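Following: one structure in structure tokens, then a few remarks.
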């Protein structure tokens, strides 16, 4: 083969290889063009809650405000977090003090036609550019409120350790925190998801509930005939001492129930706990009809009983008995706990 012919074939081979490489590169570019582009990240507006500016953050302001109000004022407020103390006093005035917290305002929602004073008051924050009540709540290192003794209080809180003393009536719902209520004669409705509920020296219809905490009620009385005392907790115990309500419902899912008091004539008392014990401390002269149902525990009484019926099954034991003339109706139910009745200690 001549030299010119060899050179021709070499040049042809180089051109073929170069073309193949170009075609392959072009194909790769085409494949890249076919791949889907990554989606753009969506940006959502902030949701009110922890981490949202202006919602849980304090302004770091210490301030105090007051307003003349009616002696029987109704107060509505919300607290996001802080150590909250509300006290009744003998003045027709509301005073609010917030330490290291947010700016707030007192807004009159209604005035009494008789006295001309504010009888419905809202306490809370105001967003710039808006007027009237808003969704944000009071917050601070500590919050102190003084209000008339006749105050009807409606409080919602997120994480607030709450103490209320000497107002007429209180409705309280706290998501996290201990609730302590004292000297409230007109009725109580209190709930906390995480924390204890403690009531002392109060009266009226009373409803107490906690998801994970204990419930304690000491020296409480009904405001009128038929007022109910209701206590309910899922993860704590219930202690009722010196309670004079004729209707009591106490329910705990996993804690014990203690009742230290008297069963009054015509009263209806229901104590239930699947996974705890029931202990009663009552006078030896009590008069009640007992309906006791228990599973794996025991039933003991230091006070003589008159057994009416006694049924035993593989799953439960049911005892119906009377103490004295049997004038009050008492129901006791537990699955994995014991029932114990003791003589009340004499003062």
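Numbering (my numbering), first residue to last: 987 to 1333.
Ideal Cβ placement from N, Cα and C applies to all residues, glycine included.
None of the values given here were measured: they were computed from a predicted structure.
Within the stretch 1257 to 1330, the runs of beta strand (DSSP E) that reach at least 3 residues and sit entirely inside it are, in chain order, 1264 to 1268, 1274 to 1280, 1285 to 1287, 1292 to 1298, 1303 to 1309, 1314 to 1320 and 1325 to 1329. Setting aside the 5 residues that flank it on each side, residue 1266 is surrounded in the same chain by 1245 and 1327, each with a C-beta closer than 6 Å to its C-beta; the list follows chain order.
Burial check for residue 1292: the Cβ neighbour count within 10 Å stays below 16, so the residue is exposed. Residue 1140: member of the beta strand (DSSP E) spanning 1138 to 1151, first to last residue. Of the residues 1209, 1078, 1199 and 1289, the one whose Cα lies closest to the Cα of residue 1189 is 1209. Collapsing the DSSP output to three states places residue 1171 in coil. Here DSSP, grouped into helix, strand and coil, assigns residue 1218 to strand.
As for any beta strand (DSSP E) of minimum length 3 sitting wholly inside the stretch 1180 to 1249, the runs are 1183 to 1189, 1192 to 1196, 1201 to 1207, 1214 to 1219, 1224 to 1229, 1233 to 1238 and 1243 to 1246, ordered along the chain.
Around the beta-carbon of residue 1288, fewer than 16 other beta-carbon atoms lie within 10 Å, marking it exposed.
By the CB criterion at 8 Å, residue 1049 and residue 1079 fall outside the cutoff.
Taking C-beta atoms as the reference points, residue 1200 and residue 1213 fail to come closer than 8 Å. Residue 1062 and residue 1308 have their C-alpha atoms roughly 48 Å apart. Looking from the CA of residue 1147, the closest CA among 1126, 1171 and 1249 belongs to 1126. Residue 1325 has its alpha-carbon roughly 6 Å from the corresponding atom of residue 1286. Between residue 1137 and residue 1074, the C-beta gap is smaller than 8 Å, which places the two residues in contact.
The residues 1063, 1064, 1090, 1091, 1093, 1119, 1120, 1122, 1123 and 1124, in chain order, have a CB closer than 8 Å to that of residue 1110 in the same chain once the five nearest residues on each side in sequence are set aside. In the structure shown, residue 1090 falls within a coil segment according to DSSP collapsed to helix, strand and coil.
The residues 1207, in chain order, have a CB closer than 6 Å to that of residue 1230 in the same chain once the five nearest residues on each side in sequence are set aside. Between residue 1235 and residue 1261, the gap from beta carbon to beta carbon reaches 8 Å or more. With a cutoff of 8 Å on beta-carbon distance, residue 1259 and residue 1316 are scored as not near each other. Annotated as proximal: residue 1192 and residue 1173, with beta-carbon spacing under 8 Å. Residue 1164 sits in coil when the DSSP states are folded into three classes, being neither helix nor strand.
Separation of residue 1221 and residue 1202 (C-alpha to C-alpha, rounded to the nearest whole angstrom) is 14 Å. Residue 1227 sits close to residue 1204, with the two beta carbons spaced by under 8 Å. By the neighbour-count criterion, in which 16 or more other beta carbons inside 10 Å mark a residue as buried, residue 1099 falls on the exposed side. Just so you know, the alpha carbons of residue 1068 and residue 1158 end up roughly 15 Å apart.
Following the DSSP letters along the chain, one finds residue 1154 in no beta strand (DSSP E), marked with neither H nor E.
With fewer than 16 other CB atoms across the displayed protein chains lying within 10 angstroms of its CB, residue 1270 is exposed.
Residue pairing by DSSP places residue 1066 opposite no residue, since no beta bridge is assigned to it. Under the three-state reduction of DSSP output, residue 1135 falls in the coil class, being neither helix nor strand.
Pairing residue 1145 with residue 1217, the inter-Cα distance amounts to about 22 Å.
Following the DSSP letters along the chain, one finds residue 1252 in no beta strand (DSSP E), marked with neither H nor E.
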